[in-house]
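Protein chains in written order, with our numbering: chain U, 85 to 506; chain A, 1394 to 1701; chain C, 3 to 378.
Following: one structure in structure tokens, then a few remarks.
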Amino acid sequence: MTKDTKSPNLYTMNRRQLLAGMSAIPLLATMGGPLRASDFPTAEVNKTGLAVTDDKVTVGILHSVTGTMAISETGSVEAEKLAIKQINESGGVLGRQIEVIQEDGASDWPTFAEKAKKLLVQDKVASVMGCWTSASRKAVLPVFEQYNGMLFYPTFYEGLEESPNVIYTGQEATQQIIAGLDWVAKEKGAKSFYLLGSDYIWPRTSNKIARKHIEDKLGLKVVGEEYYPLGHTQFNSVINKIKLKKPDVIYAIVVGGSNVAFYKQLKAAGIDMTKEKPVLLTISVTEDEILGIGGENIVGAYACMKYFQSLENDNNKEFVAAFKEMWGDDSVIGDVTQAAYLGPWLWKLAVEKAGSFDIDPLKESLPGIEFTKAPEGYVRIHENHHLWSKTRVGRAKDDGQYEVVYETADLVEPDPFPEGYQ
Amino acid sequence: MIGDYTYYEFSSILAMQAFAGLILFSVFVMMALGLAIIFGQMGVINMAHGEFMILGAYVTYFTSIFFEHYLPSLFGIYFFLAMILAFIVSGALGMFVEWAMIRHLYKRPLDTLLATWGLSLILQQFYRSVFGAREVGVTLPEYLLGSISLTDIIEVPINGLFVMGLTLLITFGVWFLMYRSGWGKKVRAVIQNRVMAGAVGINTKMVDRMTFGLGCGIAGVAGSAFTMIGSTGPTAGQLYIVDTFLVVVFGGAASLLGTIASAFTISQAQSTMEFFMSGSMAKVLTLLTVVGILMLRPQGLFALKIRR
Amino acid sequence: MNFANPFFTRREWAAFAILAVLLILVFPASVDAFRLNLIGKYLTYAFVALGLVLCWGYGGILSLGQGVFFGLGGYCMAMFLKLEASSPENTAIQSTPGIPDFMDWNQLTSLPWWWEPFHSLPFTLVAVVAVPVIFAFIIAFAMFTRRVGGVYFAIITQAIAAILTILIIGQQGYTGGVNGITDLRTMLGWDIRTDEAKTILYFVNACLLLGCLLIAQLVKITKFGRLMIAIRDKEDRVRFSGYNVAGFKIFIFCFAAALASVGGAMFTLQVGFMSPSFVGIVPSIEMVIFAAVGGRLSLFGAIYGALIVNGAKTAFSESFPELWLFAMGGLFIAVVMAFPNGLAGLVRSHVEPLIGRLFSGLGWGRTAAADATPAE
């Protein structure tokens, strides 16, 4: 499908949906509250034998709570549980309370596949919130397509995928990368870039897109590009190379434990990010990662993503307060945590629009779903199952929070198969 | 001019690169020394070595929290106290493990590997359940951060200097303990001939326990020092384990000098290659070279010739 | 009847019959397709454990790199399946149709030459075993002719596992990187994803396993097996008697690698993908623990060990996801400290005397003396 045929569809889709939404408002008002389960008999809303009863619906949460990825995935679990709790307090989905079955992916891709299958085949869950790394998503994808499940995937990722059985609530690569590069070229007058990443598909694909954009679209220069194994802890050599090449921008997509080592050593080597040059721009460090890195080691760096905990809007203030109330005052919220929070809400809205828990009507109702209470602001599901969202640039402060310095004017269209960037 | 760079730039970078290699060398020595004592001197494979290091890192973290809240005026010196505490805590745990587990397995060295692997799983989950799954950030005193600029290009990281100094100190301490103290004499006697050592009145069991404790204690100090350059989380110990074993094996297991020499070789090779190619390839090439040399010379660089 | 060297004692025939009934009748009859597929997955690890019993329990060679061979076997199979799944029709949206999707993402525009032969199933089936065995031979030849053994060998195999993982992850254009080779669909047009296909694959897997068990037993009872035990217990004396010790060790290591590779290929078929997470150190050590739990001297024990540890892992992580590592770690320690001969040792010392009393006079064979000595 080309873009030309897509856009008019989308337009009509939205208008139709807008009308549907408008007609729903008076209906809700007369009913005076949340939907009641008795209005939606189980036989009607569950024709495919899902775990839906007259007062309950079961969903799965599938993240790693053990192993190396538990560091990152804990926040997502917390956000999903918060969203589910809030939905239950506001009356549930089609009047049914959500029950959760949580499974542990144990940072091991085959385990993810096994548990996904268990959730779909044995527990018959109505949807699954889960996965974090691309590898775990790739492992469960065939399972979701074969058994027709619905996965809400929260992480920003490399794109190149568009499954009818997955809703990608994080940004795909072009959404996250291009706006940030444009900004740094325009505002900071950057001319040369040094690309650096952990060695796996997301950093490599992202750097590929970044390089194309820098060289072809912006006409600027990439002076170095390299990758280190996951878990690498010694970055002194690459830091020396960076010092030798003197790039205007260090574009870093380092992940996990390596992050901590990289920023600590960068600071120790005298690269002061609070100065004008070099600018450090990352797309992999959220507030969650800063907990481990330590704010004083990354102060002055820029991050480009769609959400920062410090966003000044009412949705976000409520969300942050609720999150802290549930998980403690010390907790921080990163981009992925917020994206994970969107999953249960988007599912609820789509189910209620479709009037059914079944996957096929759900697939039809998902594109065009709008969530106005999203902490990041307004989001809408695109035909390609990704979200329209704004992209923002934040600057790290020494207390571990980001100060938002730039925000795209409009929602950025998700484009998982970007032409000209392949 | 060399390539795009002036001679001045190039020589500066060369100096910095040499320094980066030295830091890597110190890190390797620090990781490997504790293991070399345990593995080399006792023939026990401690797969939980990384977890002992992380225990030291957590001790440092909690010391820093304590000082921040109760003794903020003394925050500048907490790091030294933390290292001593890390040594004591890791060492004590090591002695307990030796008493509960290792001493029953001296005749089956391969089994110590499996048992300590089990221990490392338990410790990891323990850290996760008690300290949380997320990484913790250790706040360091201001004077340990940043760098000293010698010229406009050459900048020497202070934490690197600190690690190097500490490594020197610990290496010297270990050398002194093993080769210049009465206790070291006992340890070496037990290694060379356990039965005879027992016969002349050395409490071999106590020597074993102290040696194991010392190895684990040094791991704890290493972990404490690594909070300056790496991450502190439940599974961070796993990042170090393969490198550590290779350094020890490459050096020739029974020799502390060998461990140091091998740490030097591997670190220099790795940091030089990292400069000329991508980090992933450098790592693979380094490991391949080490394995290749080990295949030609299985006993390692320096092997102690003893009758088995 | 060959009095000196029966293929199986009566006791072992009984054990074999029980195992065969369990695998072929009881499991398929008692669990649903999903659980059966899970059991099939566990049984693929049993191949590795069988090899480890021979190479570790009988040969005294502890390899911490069996995951390498499991992974190589699995990757060979996955390459074939991936090529079939990447037909030009299926991959029409790519910039280069007809090559696997991950190659397209990494700007490869043609299939690398070493992928080409994997279009052929016969070649693949040979490669599944041959590639790991050749690799094992190179390692074993270099090590054993220089008399590297014991702990050193264990650590070097571990390093090899680490290297291969980094290589596979780093060369993602050719290997699929950390994601592995995913989304495998059909084998010669036969859809391997359906429940029926999975059930059939389970039976294939179970029969192959029983077959491998018999071959392993054959290796064990011949003079060769006796010599392996002699080498384990006093290597020098065997060498002084004029035997080529290295040759025997190389063979047993390659044989264990071949078993592991069959397991890997069956894993790929049943699970539907292969990833570098099997090649690394952690899975390799876990596989050793399967053999240890079952009993490092018992071929039957290896199979039960793989089943029980994995079953426990699944059950534990379903009910207490945050506690299963404690249980696993505790199991490792308990087996090593208290039951060095694993389950088989327990059965031998507690259950069999009981059965023996019940059926006395039916000719229950006595335990072979050599088997009873623990390793090392």
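Here a beta-carbon is modelled for each residue, glycine too, at the ideal position from N, C-alpha and C.
From the options, pick the residue whose C-alpha is nearest to that of residue i; which is it?
i: residue 389/U; options: 125/U, 240/U, 181/U and 459/U; result: 240/U
i: residue 1534/A; options: 1494/A, 1443/A and 1468/A; result: 1468/A
i: residue 172/C; options: 132/U, 279/U, 284/U and 190/U; result: 284/U
i: residue 167/C; options: 314/U, 136/U and 399/U; result: 314/U
i: residue 210/C; options: 85/C, 45/C, 30/C and 161/C; result: 45/C
i: residue 55/C; options: 304/C, 312/C, 334/C and 314/C; result: 304/C
i: residue 1502/A; options: 1693/A, 1466/A, 1459/A and 1434/A; result: 1434/A
i: residue 185/U; options: 294/U, 168/U and 174/U; result: 168/U
i: residue 412/U; options: 141/U, 159/U and 279/U; result: 159/U
i: residue 286/C; options: 275/C, 98/C, 17/C and 157/C; result: 157/C
i: residue 89/C; options: 109/C, 185/C and 260/C; result: 185/C
i: residue 244/U; options: 289/U, 316/U, 322/U and 402/U; result: 289/U
i: residue 1508/A; options: 321/C, 333/C and 42/C; result: 333/C
i: residue 1608/A; options: 1585/A, 1443/A and 1412/A; result: 1443/A
i: residue 293/C; options: 43/C, 170/C, 59/C and 195/C; result: 59/C
i: residue 1403/A; options: 404/U, 345/U and 328/U; result: 328/U
i: residue 1359/A; options: 1514/A, 1577/A, 1675/A and 1564/A; result: Outside the displayed range of chain A (1394 to 1701) lies residue 1359/A, so it cannot be described from this structure.
i: residue 1544/A; options: 367/U, 354/U and 426/U; result: 354/U
i: residue 318/U; options: 1465/A, 1664/A, 1687/A and 1452/A; result: 1664/A
i: residue 137/U; options: 417/U, 127/U, 146/U and 352/U; result: 127/U
Is residue i near residue j, with beta carbons less than 8 angstroms apart?
i: residue 1454/A; j: residue 1625/A; result: yes
i: residue 67/C; j: residue 159/C; result: yes
i: residue 178/U; j: residue 436/U; result: yes
i: residue 405/C; j: residue 340/C; result: A question about residue 405/C goes unanswered here, because the residues of chain C that appear run from 3 up to 378.
i: residue 1421/A; j: residue 1659/A; result: yes
i: residue 306/C; j: residue 356/C; result: no
i: residue 213/U; j: residue 427/U; result: yes
i: residue 220/U; j: residue 190/U; result: no
To the nearest angstrom, report how far apart residue i and residue j are at their CA atoms.
i: residue 258/C; j: residue 410/U; result: 52 angstroms
i: residue 299/U; j: residue 226/U; result: 36 angstroms
i: residue 309/C; j: residue 383/U; result: 51 angstroms
i: residue 110/U; j: residue 119/U; result: The predicted position of residue 110/U is uncertain, since its pLDDT is 41 and thus under 50; no value can be drawn from it.
i: residue 1518/A; j: residue 1527/A; result: 12 angstroms
i: residue 300/C; j: residue 1500/A; result: 22 angstroms
i: residue 467/U; j: residue 1481/A; result: 60 angstroms
i: residue 188/C; j: residue 121/C; result: 13 angstroms
i: residue 203/U; j: residue 209/U; result: 6 angstroms
i: residue 402/U; j: residue 310/U; result: 41 angstroms
i: residue 1561/A; j: residue 1485/A; result: 24 angstroms
i: residue 32/C; j: residue 24/C; result: 10 angstroms
i: residue 224/U; j: residue 1621/A; result: 38 angstroms
i: residue 1653/A; j: residue 321/U; result: 21 angstroms
i: residue 1575/A; j: residue 253/C; result: 48 angstroms
i: residue 397/U; j: residue 1428/A; result: 53 angstroms
i: residue 481/U; j: residue 101/C; result: 46 angstroms
i: residue 253/U; j: residue 470/U; result: 6 angstroms
State the beta-bridge partners of residue i as determined by DSSP.
i: residue 180/U; result: 177/U
i: residue 451/U; result: For residue 451/U, which the question treats as bridged, DSSP gives no partner whatsoever.
i: residue 186/U; result: 145/U
i: residue 258/U; result: For residue 258/U, which the question treats as bridged, DSSP gives no partner whatsoever.
i: residue 140/U; result: 181/U
i: residue 1548/A; result: 1542/A
i: residue 83/U; result: Outside the displayed range of chain U (85 to 506) lies residue 83/U, so it cannot be described from this structure.
i: residue 516/U; result: Outside the displayed span of chain U (85 to 506) sits residue 516/U, for which this structure offers no information.
Could you tell me whether the Cβ of residue i comes closer than 8 angstroms to any Cβ of chain B?
i: residue 161/C; result: This model lacks chain B altogether, as its protein chains are U, A and C.
| query | Listed from N- to C-terminal order along the chain, which residues in the region 121 to 147 of chain U have their beta-carbon within a distance smaller than 7 angstroms of any beta-carbon of chain A? | reply | Sequence-ordered contacts of the region 121 to 147 of chain U with chain A are nonexistent [C-beta pairs closer than 7 angstroms].
| message | Can you pull out the residues from the region 1504 to 1536 of chain A whose beta carbon lies closer than 7 angstroms to at least one beta carbon of chain C? | response | Taking 7 angstroms as the Cβ-Cβ cut-off against chain C, the residues of the region 1504 to 1536 of chain A that qualify are 1504, 1506, 1507, 1508, 1510, 1511, 1512, 1514, 1515, 1517, 1518 and 1522.
| query | Going along the chain, which residues of the region 345 to 376 of chain U sit with their C-beta nearer than 9 angstroms to a C-beta in chain A? | reply | Cβ contacts with chain A come from 345, 348, 349, 351, 352, 353, 354, 355, 356, 372, 373, 374, 375 and 376.
| said: So if I threshold CB-CB distances at 7 angstroms, which residues from the region 205 to 224 of chain U count as touching chain C? | reply: Contact residues of the region 205 to 224 of chain U toward chain C are 205, 206, 218, 219, 222 and 223 (C-beta to C-beta distance below 7 angstroms).
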